[in-house]
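This report refers to the structure that appears directly beneath it.
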Amino acid sequence: MATAARVSPELRWIPGGLPKLVPVGIAPVSPNVPLYEASVIPSGITVNDPCCIAVPSLSEHKTSPQKTPGRISALRTQLCKDYRNLKFDPETANKHIAISHENCKATHKEWFRKNDVEDSPNRFQNWHVMCTEGFSEGSHYWEVGISTYFVDLGVAYESLKRTREQENKIGHNSSSWSLQLRSMRQSVWHDKKETKLQSSMFTEIGIHLDLTAGSLTFYGVNDGRPHLLHSFSCLFSEKVFPVFWIGEDANVTIRTIPNFEINAENQG
5 MATAARVSPE LRWIPGGLPK LVPVGIAPVS PNVPLYEASV IPSGITVNDP CCIAVPSLSE
65 HKTSPQKTPG RISALRTQLC KDYRNLKFDP ETANKHIAIS HENCKATHKE WFRKNDVEDS
125 PNRFQNWHVM CTEGFSEGSH YWEVGISTYF VDLGVAYESL KRTREQENKI GHNSSSWSLQ
185 LRSMRQSVWH DKKETKLQSS MFTEIGIHLD LTAGSLTFYG VNDGRPHLLH SFSCLFSEKV
245 FPVFWIGEDA NVTIRTIPNF EINAENQG
């Protein structure tokens with residue numbers, strides 16, 4: 005993969021709109037345009053998606069120091085060569101899960117009930133939502149941010165049953181694999197078997213699915229570096245889809261990375 009010159013982003017306030025990340029050199033910076041810190045952008049990777057940007061209130065219209073992106077490790081550079089910009093599939097989302105931000109954010113609101121989307125056989129009765137894109141071959145990587153430790157994330161066959169029974173929750177059957185994140189513990193699940201993890205807690209998670217090698221690997225991402233949490237070794241017999249279980253008042257945001265370009269000198 006050919007390397008390209010690294011383009012440093014600047015978050016600009018555009019009158020009448022959301023703040024945007026604009027690469028330096030593409031558009032001039034007006035001295036009267038304040039800059040903002042992209043406080044929830046994953047460290048080390050340029051992100052240009054509204055759901056990944058902190059929107060300042062009107063009272064915050066003042067210049068703030070920019071956050072310098074962390075150095076991207078060689079491992080994360082390699083993983084991001086296979087990065088997939090995913091979207092949630094609203095037709096699969098449980099009736100209490102609201103999909104927003106161009107289908108990049110899923111929020112569990114117990115009071116929320118879907119009125120604008122008809123029920124379909126694809127909708128989960130458990131607190132699940134699946135992504136639109138599935139994979140049957142190759143290597144794929146994506147990252148998500150979680151708001152709190154009340155989330156399960158992983159992959160499942162499209163045939164995962166939609167009914168409410170506990171055995172149909174991701175990780176509790178032979179059709180799915182999951183990382184379970186709770187405030188007091190974290191573990192991985194497959195086919196009703198739990199493996200407890202002793203690693204640090206993260207709110208940014210990377211998932212690498214390698215169908216050729218037969219592996220599913222979870223990473224905690226911090227300061228531009230992935231930290232191994234767990235890796236499953238498995239042979240997938242069907243097309244698999246990213247899937248999430250989202251607890252009450254929690255949300256999951258899919259990170260979008262446009263035009264991933266990185267200079268070799270920025271590798272850790």
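The numbers in my numbering rise by one with no breaks, and the one at position 117 of the sequence shown is 121. The beta-carbon is built from N, C-alpha and C at its ideal position, and this holds for glycine as well. For clarity, every value in this text was computed on a predicted model and none was experimentally measured.
Following the DSSP letters along the chain, one finds Arg80 inside the alpha helix (DSSP H) bounded by residues 78 to 84.
Of Lys113, Leu90, Glu141, Ser163, the smallest CA-CA separation from Arg127 is found for Ser163. In the DSSP assignment, Ser219 falls within the beta strand (DSSP E) that extends over 219 to 226. Excluding its 5 nearest sequence neighbours in each direction, Cys238 has C-beta neighbours in its own chain below 8 Å: Trp181, His194, Gly218, Ser219, Leu220, listed in chain order.
Listed as beta-bridge partners of Glu141 by DSSP are no residues whatsoever.
Distance from the CA atom of Ala78 to the CA atom of Arg259, rounded to whole angstroms, is 19 Å. Ser179 counts as buried, since at least 16 other C-beta atoms from the protein chains shown sit within 10 angstroms of its C-beta.
Ser163: not part of any beta strand (DSSP E); DSSP gives it neither H nor E. Excluding the 5 residues flanking it on each side, Phe248 has same chain C-beta neighbours closer than 6 Å at Val133, Leu157, Val256, in chain order. Here the stretch 165 to 178 makes no contact with the stretch 225 to 235; the two share fewer than three CB pairs at distances below 8 Å. The residue among Lys113, Asn98, Phe245, Glu242 with its C-alpha nearest the C-alpha of Ala254 is Lys113.
Listed as beta-bridge partners of Cys108 by DSSP are no residues whatsoever. Between Gly210 and Leu83 a beta carbon distance of about 7 Å is seen, short of the 8 Å cut, so the two are scored as contacting. Residue burial is scored here from C-beta neighbours: Asp123 has fewer than 16 other C-beta atoms within 10 angstroms and is therefore classed as exposed.
Listed in chain order, the non-local C-beta contacts of Lys196 below 6 Å within the same chain comprise His176, local neighbours out to five positions each way being set aside. Residue state for Glu114 is assigned as coil, using DSSP reduced to three classes. Boundaries of the beta strand (DSSP E) around Lys197: 197 to 200. Judged by their CB atoms, Val159 and Pro94 are not nearer to each other than the 9 Å cut-off. Considering only Lys243, Gln170, Tyr223, the residue with the shortest C-alpha distance to Asn130 is Gln170. The C-beta separation of Phe139 from Leu90 comes to about 10 Å, leaving the pair out of contact by the 8 Å criterion.
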